[in-house]
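Accompanying notes for the structure given below.
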Amino acid sequence: TATTVGARTVIGLATVPLVLGETVDLRGRRVDEPLDLADRQIGNVDFSGTHFSAPVRFSKATFAGLAWFKGCHFAAGADFASSIFESDCRFDGAELRGESNFRDVELRGVGGFDRAVVAGPACFDGVVAHGNLSFASSVFSARVSFRGAQCLGGLWLDRARFSRGADLSPTE
């Protein structure tokens, strides 16, 4: 069973200043409280396999190092609007329920969403991806929008499935 951690603990650990070569290990945890890391500076953080039961807010956050959310479960929505990822962000195999908001996110490294399951409405409008942005083998069961996204390193949708359609206009 996963160790449950409170939102205050997560905030305290995730906002530790970036130290090269060191990563805050929050893998495989359970967070049952709403988590608000909006407008925060976040260092290297690995949330892989963590279950977020309540809404999470990372809007306008700056991830100074790696940001791994591989295999995470977002049960009640995730807001990353206007966040900056200075390095790679990985959501491979993540499950996003509720509304997922990635509007106006800037990805300066790789954006990996391969094999993600996106069950609620998702917005990637205005995303600027300097590296590649990949959704290979991802499943979208609600409406998704990429309006105005700029994928300078390429947008990969190999074997992605869109049950309710995807708005890709005008996407570069």
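For the sequence shown, my numbering begins at 551 and goes up steadily by one. Just so you know, even glycine gets a beta-carbon here, dropped at the ideal spot from N, CA and C.
Completely contained alpha helix (DSSP H) runs for the segment 625-658, where each covers 4 or more residues: None, since the segment 625-658 contains no complete alpha helix (DSSP H) of that length.
Test item: CB-CB of Gly-615 and Ser-633 under 7 Å: No, the Cβ-Cβ distance between Gly-615 and Ser-633 is not below 7 Å.
Residue from Pro-567, Gly-556, Arg-693, Val-694 with nearest C-alpha to Phe-613: Among Pro-567, Gly-556, Arg-693, Val-694, the Cα nearest to that of Phe-613 belongs to Pro-567.
Arg-714 burial status per 10 Å Cβ neighbour count (16 or more: buried): Under this definition Arg-714 is an exposed residue.
Residue interval of the alpha helix (DSSP H) (run including Phe-558): Here residue 558 turns out to be Arg, not Phe, going by the sequence shown. Where Arg-558 is concerned, the enclosing alpha helix (DSSP H) stretches over 557-564.
Beta-bridge partners of Gly-715, as assigned by DSSP: Note: Gly-715 sits in no beta bridge, so no partner.
CB-CB length for Ser-609 against Asp-629, believed under 8 Å: Confirmed, Cβ separation roughly 5 Å.
Status (buried if at least 16 other CB within 10 Å, exposed otherwise) for Leu-702: Leu-702 should be labelled exposed.
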